[in-house]
Amino acid sequence: MHSIPGRRTIMVLFLIFLLLPIYWLVNMSFKTNGEIVSTMTLWPHQPTLANYMRIFTDESWYSGYIHSLTYVVINTVISISVALPAAYAFSRYRFLGDKHLFFWLLSNRMAPAAVYALPFFNLYSAIGLFDTPWAVALAHCIFNVPLAVWILEGFVSGVPREIDETAFLDGYSFPRFFVKILVPLIASGIGVAAFFCFMFSWVELLLARTLTTVNAKPISAIMTRTVSAAGMDWGLLAAAGVLTIIPGALVIWFVRNYIARGFALGRV
Amino acid sequence: MARIDLVDLAHSYGGNDAPLESFALKPVTMTWRQGGAYALLGPSGCGKTTLLNLISGIVTPSSGKILFDGADITPLSTQKRNIAQVFQFPVIYDTMTVGQNLAFPLKNRGVPKADIDARVKKIADLLDLTPYLDRKATRLTADAKQKISLGRGLVRSDVAAILFDEPLTVIDPELKWQLRSKLKALHRDLDLTMIYVTHDQTEALTFADTVVVMHDGRVVQSGTPAELFDKPAHTFVGYFIGSPGMNIVPATVSGHEARIDGHTIGLHRNYGVLPAGAKIEIGVRPEFVNVAAPASGLLSANIERIDDLGRVRFARVRVGDAKFAARVPPGFSVPDNTVGLVFDPSHVHVYADGRLVEGVA
Amino acid sequence: MDKTVNQKAWFLVLPVFLVVAFSAILPLMTVVNYSMQDTFGNNQFFWNGVGWFKELLDPSTDLGGRFLDSLARNLFFSAVILAIEVPLGIVVALSMPREGWSVAACLVILALPLLIPWNVVGTIWQIFGRPDIGLLGYTLNHLGMNYNYVSNEFDAWATVIVMDVWHWTSLVALLCYAGLKSIPDAYYQAAQIDGASRWAVFTAIQLPKMNRVLLIAVLLRFMDSFMIYTEPFVVTGGGPGNSTTFVSIELVKIALGQFDLGKAAALSLVYNLIILIVCWIFYTVMTNAGNERPAKQGVA
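As structure tokens, this is what we get:
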């Protein structure tokens, strides 16, 4: 009763639709540029690792990964740690301007990155954070913090108030209650929020590219350099693309059993 | 309207090859009369919901048959069985009004609109839902929602039986008995077969004229409330029904006598020689054991505490290792902690491996 | 759910407020400031009042024409995206396997496009659609279609839309799947007993129960497709001509390409305002929908 007639066919077709372009990228990453340009082959006839070798041996390439991961991790940590107390406050208390504040937060999630690109450039240049992972991490907070507050608020609301009251009666101080009782109870919610923060920070490019030049340039921005005098280096571009998919794929693999619950955002 | 027969019906969620002990429902053969009010009583996990879902067709049995008025309906889908079921949590179609909810089963079956309206009106009257017909069903209280679920079953005139799966779980206590008496009244007026699953003996005993007690996937006894009380067919029925439950103590039995802790109790019937190796117990309800002043010829016991239930007092006593509950006669005051126990021999039953042994008069 | 009034809760919210305010309020003030000024480079600014705003909303000027054209394109794009992704997402969610390892496998593959950096999504489709080296472009051209997203407007649009469907339908599907999973079995059993057809189960149970997640899905998709920048920029660069130049692309062109800060800032504000209004409607609808829900009931 849950599903519809022909569901297998639909699902298989849709999954093929999702995987085919990715397969094509992987396929190309193992080809030489000669093979890519001269013939149409459905799999690499002269498979080569040369494209990957170039990325792993050239520091300007692999440091891009380190930059990306650095600001993604910093951003996730900041987002979750500031969002947790706020989520608790929104879930448990009413206070002056709470609804407006919540709306204002959410409205930032809806702000186009393009609007902020230039002012961020000025702001972070002025305070000397330009071209550091911190600039990107802080910039990404503008959409990740509201999201984290929103998701965590749902999970905190799922924890009965009686638990707080019992803990306070038992003599727990607020910080101790928070760390020892609340956080373990909503651990899966924190995981879900971290997943979404990771995801949105990892996939964003416009701000990340605007706020960096050399020292913190993300991998996805470095990829645009494959246009050389000899034309496009397609194989290298494909290999770099494949490598940017891998961290995301790994994260999904680890959270696969929580994906459905995560998308319920703790509220359904 | 139908008589329902179960023939060797069994179900295992682990498939047919699973060992019999793991079956959620062990093979059962029984008949549910047309127009009967039945309660399926047992603790959680005893298989009562499985049995109910087998009858309604939500679950397909691993083996055995279900007959409605003699016709085998085992392979039929739920839709074709003409069964109505009310679930533990009210199921309401959120977007519809109360009236549309009631009309839904008829609309699905292509009943003409005029007939639907008449039928919905009648059922709404019956369930006191008429004032709410045009309201959204989501906004109502839990008991009103449960009435709507029931109404969706009743609205079909061809329904063979109505099944209830712990329908009062989410209802406020003070509304519970109201809804239960409503059910009884409906049962009288409509002459429907009703099967009511519950783990609450008060609910079962007040609703049903036949109570079917289940334990560990088996039907252990089926009978009127009085039968279950007077003559439990299984020690489980003895202590599950009644408050406090039946006293069950190991004993040796031969002929007209049972021996506990070196003391002899007279029995009403002759049990001859019981099979060797079986676990022999005697069972007697606390209502049929009185405490008295200690005297020779009485089983002596130590009082641990006295429960005052208002109308009646029960003493919790200890005889050797065995614990007993016994009635304290009105006005009886206990001199010290030692008392004698007086048994009513006609209500002392003998059990071998948990099953009632019928003696010879 | 009676919350206690406690003004000290502000202390708990303060870190969030500071972090977001740092990234939102200061830049916003800069934008408002710019929007009133004109610059000829060299950091020389001239007061322009509401001049840019007037120009922005007047289709006869260069700026207004570009803005309103890209706005119309963007609205059309969002409408097409929603019309495809929402029904398709529901169908995919309903097609999910019931149990076993295939559930996890489907979820992983579905979530995969969501975690690919947006410019890589663009790169994937840029390659996939090329007539010379891409499987899609090559196949279409060999089937006799003259497909080329670089030169043909229709092909460019089709590519951008198919790419967005590829990228984001999973989000709708996963949200719907989560919504479907939360429906207790008793609903399906009751519907079976009530003789409901497959379609009736969908309209009477599944759709109403998905209503909340669908609202989230529709609004997230609206917002994100309305702000889309990176993916079409990588694939088509806004072309051919201006045919796939959406508002964000136009904005970045003006701001970082021409360094017309005043115009860009004015455009930013109007753009943001539109999204804010939609966002406010979203928020109101959401909170009202939340209030209508009856008290939570546990499910055994």
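Chains as they are written, first to last, in the working numbering: chain A, -6 to 261; chain B, 104 to 464; chain C, 33 to 332. Don't be surprised by glycine CBs; every beta carbon is placed ideally from N, CA and C.
Original post:
Does the beta-carbon distance from residue 124 (chain A) to residue 25 (chain A) come in below 8 Å?
Top reply: Taking the first residue of the first sequence as position 1, residue 124 (chain A) is located at position 131. Taking the first residue of the first sequence as position 1, residue 25 (chain A) is located at position 32. Residue 25 (chain A) sits away from residue 124 (chain A), with the two beta carbons spaced by 8 Å or more.
**OP:** Check each candidate in B:133, B:348 and B:265 and name the one with the smallest Cα separation from residue 428 (chain B).
**Re:** Translated into positions along the second sequence, residue 428 (chain B) becomes position 325. Nearest C-alpha to residue 428 (chain B) among B:133, B:348 and B:265: B:348.
Subject >> For residue 331 (chain C), the three-state DSSP class (helix, strand or coil) >> reply: Counting from one through the third sequence, the residue named residue 331 (chain C) turns up at place 299. For residue 331 (chain C), the pLDDT reaches just 32, beneath the cut-off of 50, and the residue's location in the model is therefore unreliable, leaving the point undetermined.
Subject >> beta strand (DSSP E) segment containing residue 176 (chain C), residue limits >> reply: Taking the first residue of the third sequence as position 1, residue 176 (chain C) is located at position 144. In the DSSP annotation of this structure, residue 176 (chain C) is not part of any beta strand (DSSP E), being labelled neither H nor E.
**OP:** Verify the CB distance criterion: does residue 179 (chain C) have a CB-CB separation below 8 Å to chain A?
**Re:** Position 147 of the third sequence, counting from 1, holds the residue named residue 179 (chain C). Taking Cβ atoms only, chain A never reaches closer than 8 Å to residue 179 (chain C), which makes this a no.
Original post:
Are the C-beta of residue 227 (chain A) and some C-beta of chain C separated by less than 8 Å?
Top reply: Translated into the one-based positions of the first sequence, residue 227 (chain A) becomes position 234. Output row for residue 227 (chain A): interface = yes.
Subject >> Interface residues of the region 231 to 244 of chain C facing chain B [CB-CB below 9 Å] >> reply: Those residues of the region 231 to 244 of chain C placed with their C-beta closer than 9 Å to a C-beta in chain B are 232, 235, 236, 237, 239, 240, 241 and 243, ordered along the chain.
Subject >> Within chain A, partners of residue 35 (chain C) - CB distance below 7 Å >> reply: One-based indexing of the third sequence puts residue 35 (chain C) at position 3. Residues of chain A passing the Cβ test: 85, 86 and 87.
Original post:
If the cut is a Cβ gap below 7 Å, which residues of chain C does residue 145 (chain A) touch?
Top reply: Counting from 1 along the first sequence, the entry for residue 145 (chain A) is found at position 152. Chain-ordered listing is empty here: chain C has no CB closer than 7 Å to the CB of residue 145 (chain A), the nearest sitting near 11 Å.
Subject >> Min CB distance residue 51 (chain C) to chain A below 8 Å >> reply: Counting from one through the third sequence, the residue named residue 51 (chain C) turns up at place 19. Residue 51 (chain C) counts as touching chain A.
Subject >> Contacts that residue 300 (chain C) makes with chain A (C-beta to C-beta distance below 7 Å) >> reply: Translated into the one-based positions of the third sequence, residue 300 (chain C) becomes position 268. Those within 7 Å of residue 300 (chain C) in chain A are 108.
Subject >> Whole-Å CB distance - residue 109 (chain C) paired with residue 278 (chain C), under 8 Å assumed >> reply: Your numbering for residue 109 (chain C) matches position 77 in the third sequence. Your numbering for residue 278 (chain C) matches position 246 in the third sequence. The Cβ separation is near 6 Å, so the contact holds.
**OP:** State yes or no: is the beta carbon of residue 175 (chain A) nearer than 8 Å to at least one beta carbon in chain C?
**Re:** The residue labelled residue 175 (chain A) in the question sits at position 182 within the first sequence. No - not a single Cβ of chain C is within 8 Å of the one on residue 175 (chain A).
Original post:
Exposed or buried, which one is residue 200 (chain C) when buried takes at least 16 other CB atoms within 10 Å?
Top reply: In the third sequence, the residue the question calls residue 200 (chain C) occupies position 168. That one is buried.
**OP:** Output the boundary residues of the alpha helix (DSSP H) element that contains residue 36 (chain A).
**Re:** In the first sequence, counting from the first residue as 1, residue 36 (chain A) sits at position 43. DSSP places residue 36 (chain A) in no alpha helix (DSSP H); its state is neither H nor E.
**OP:** Closer than 6 Å by C-beta to residue 327 (chain C): which residues in its own chain qualify, once you throw out the five before and the five after it? Chain order, please.
**Re:** Position 295 of the third sequence holds residue 327 (chain C). Residue confidence for residue 327 (chain C) is low, a pLDDT of 38 falling below 50, so the modelled location carries little weight; the figure read from the coordinates is stated next. Closer than 6 Å at Cβ, skipping near neighbours: no residue.
Subject >> Residue nearest to residue 301 (chain B) in terms of C-alpha spacing, selected from B:291, B:283 and B:293 >> reply: Along the second sequence, one-based indexing puts residue 301 (chain B) at 198. Across the set B:291, B:283 and B:293, the C-alpha of B:283 shows the shortest separation from the C-alpha of residue 301 (chain B).
**OP:** Take residue 145 (chain C) and list the residues in its own chain whose beta-carbon comes closer than 8 Å to its own, dropping the five residues that flank it on each side.
**Re:** Residue mapping note: residue 145 (chain C) aligns to position 113 of the third sequence, counting from 1. Excluding residues within five positions, the ones whose Cβ falls inside 8 Å are 153, 198, 199, 200 and 202.
Original post:
Using a beta-carbon distance below 8 Å, is residue 197 (chain B) in contact with chain C?
Top reply: Locating residue 197 (chain B) in the second sequence gives position 94, where the first residue counts as 1. By this cut-off, residue 197 (chain B) is an interface position.
**OP:** Mark residue 39 (chain A) as exposed unless 16 or more other C-beta atoms lie within 10 angstroms of its C-beta, in which case mark it buried.
**Re:** In the first sequence, residue 39 (chain A) corresponds to position 46, counting from 1. Exposed, since its Cβ has fewer than 16 Cβ neighbours within 10 Å.
Subject >> Per DSSP, cross-strand counterpart(s) of residue 360 (chain B) >> reply: In the second sequence, residue 360 (chain B) corresponds to position 257, counting from 1. Its beta-bridge partners are B:357 and B:369.
**OP:** Verify the CB distance criterion: does residue 249 (chain A) have a CB-CB separation below 8 Å to chain C?
**Re:** Taking the first residue of the first sequence as 1, we reach residue 249 (chain A) at position 256. At least one beta carbon of chain C lies nearer than 8 Å to the beta carbon of residue 249 (chain A).
Original post:
Cβ of residue 227 (chain C) less than 8 Å from any chain B Cβ?
Top reply: For the purposes of this step, residue 227 (chain C) is taken as the residue at position 195 of the third sequence. At a cut-off of 8 Å, the C-beta of residue 227 (chain C) has a neighbouring C-beta in chain B.
Subject >> 7 Å Cβ cut-off: residues of chain C touching residue 244 (chain A) >> reply: In the first sequence, residue 244 (chain A) corresponds to position 251, counting from 1. Counting only Cβ-Cβ distances below 7 Å, residue 244 (chain A) has contacts in chain C at 147, in chain order.
Subject >> Counted within 10 angstroms of its Cβ, other Cβ atoms place residue 160 (chain C) as buried (16 or more) or exposed >> reply: Indexing the third sequence from 1 puts residue 160 (chain C) at position 128. Per the 10 Å Cβ criterion, buried.
Subject >> Under the three-state DSSP convention, the category residue 16 (chain A) falls into >> reply: Within the first sequence, numbered from 1, the residue matching residue 16 (chain A) stands at position 23. Residue state, collapsed to three classes: helix.
Subject >> Within chain A, the residues that residue 304 (chain C) reaches when beta carbons sit closer than 8 Å >> reply: Against the third sequence, residue 304 (chain C) aligns to sequence position 272. For residue 304 (chain C), the chain A residues whose Cβ falls inside 8 Å of its Cβ are 104, 105 and 108, in order along the chain.
Subject >> In DSSP terms, what residue 22 (chain A) is bridged to >> reply: Your numbering for residue 22 (chain A) matches position 29 in the first sequence. Residue 22 (chain A) has no beta-bridge partner at all, per DSSP.
**OP:** Compute the distance between the beta-carbons of residue 184 (chain B) and residue 165 (chain B), then report whether it is under 8 Å.
**Re:** In the second sequence, counting from the first residue as 1, residue 184 (chain B) sits at position 81. In the second sequence, counting from the first residue as 1, residue 165 (chain B) sits at position 62. The answer is no: Cβ separation not under 8 Å.
Subject >> Expected contact under 8 Å - CB spacing of residue 143 (chain A) and residue 99 (chain A) to nearest Å >> reply: Within the first sequence, numbered from 1, the residue matching residue 143 (chain A) stands at position 150. Within the first sequence, numbered from 1, the residue matching residue 99 (chain A) stands at position 106. About 7 Å; that satisfies the 8 Å criterion.
**OP:** Over the uninterrupted alpha helix (DSSP H) stretch that includes residue 131 (chain C), give me the two end residues.
**Re:** On the third sequence, residue 131 (chain C) is found 99 positions in, with the first residue counted as 1. First-last for residue 131 (chain C): undefined, no H or E at that position.
Subject >> Cutoff 7 Å; reference residue 328 (chain B); Cβ partners in own chain excluding five residues on either side >> reply: Translated into the one-based positions of the second sequence, residue 328 (chain B) becomes position 225. Around residue 328 (chain B), the same chain offers 308 and 314 as residues with beta carbons nearer than 7 Å, after the five sequence neighbours per side are excluded.
Original post:
Helix or strand or just coil, what does DSSP make of residue 47 (chain C)?
Top reply: Here residue 47 (chain C) is taken as the residue at index 15 of the third sequence, counted from 1. Three-state DSSP puts residue 47 (chain C) in a helix.
Original post:
For a contact meaning CB atoms closer than 9 Å, what does residue 45 (chain A) contact in chain C?
Top reply: Numbered from 1 along the first sequence, position 52 holds the residue referred to as residue 45 (chain A). In chain order: nothing, as chain C lies at least about 16 Å away.
Subject >> Where residue 111 (chain B) falls: helix, strand or coil (DSSP) >> reply: Position 8 of the second sequence, counted from the start, is the residue given in the question as residue 111 (chain B). It is a strand residue.
Original post:
Nearest chain A C-beta to residue 270 (chain C) closer than 8 Å, yes or no?
Top reply: Sequence index remark: in the third sequence, residue 270 (chain C) carries index 238 (1-based). No, because no Cβ of chain A sits closer than 8 Å to the Cβ of residue 270 (chain C).
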